[in-house]
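Have a look at the structure below before the remarks.
Residue numbers (the working numbering): 48 to 194.
Below you can see the structure in the form of structure tokens.
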């Protein structure tokens, strides 16, 4: 993850996307209202809730020069209209440069596989701070290298 937001406080999916957009816009230089509008419109068309308490929002952006991934752990789960109807407490935002069509889909697929791993999600939920999240990622990379 390029950025980690711990204990994000929100009461619904719209507020989650708004707060993540505000956080991310400062880091990538995209206006927060533009990022939020795009993410919210996409969310209304198709939920980013993939099940298991996880939502993965994604977008290709014209001015982005390299991929950027944000992870947010919510302080409490919120409704995201997920495929399994479970509320979401882990949110990932995958941003790619606009010119990276197939690479964006590959990146999104990889992130989805990781969040489909129940141990990975359990460890993220147990994480107390950014360092704990980085350790979870380090363990994931170690397991992948050993396989």
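Positions of the beta carbon are idealized from the N, C-alpha and C atoms, including for glycine.
Item	Value
Once the 5 residues before and after residue 59 are set aside, which same chain residues still bring their CB inside 6 Å of it?	125
Comparing C-alpha positions only, which one of 165, 143 and 175 sits nearest to residue 51?	175
For residue 75, which residues does DSSP report across the bridge?	The partner list for residue 75 (beta bridge, DSSP) is empty, contrary to what the question assumes.
So what does DSSP say about residue 98, is it helix, strand or coil?	strand
Considering residue 118, what are the terminal residues of the beta strand (DSSP E) in which it resides?	115-125
For residue 96 versus residue 128, is the C-beta spacing smaller than 8 Å?	yes
Going by DSSP, what residue range makes up the beta strand (DSSP E) through residue 184?	Careful: residue 184 lies outside any beta strand (DSSP E), inside the alpha helix (DSSP H) at 177-193.
Using CA coordinates, which residue listed in 159, 119, 110 and 80 is at the minimum distance from residue 145?	110
Contact check, residue 162 vs residue 63 under 8 Å by CB: the rounded distance?	Not a contact, Cβ separation roughly 16 Å.
Round the Cβ separation of residue 120 and residue 53 to the nearest angstrom and send it over; I've been treating them as touching at under 8 Å.	5 Å
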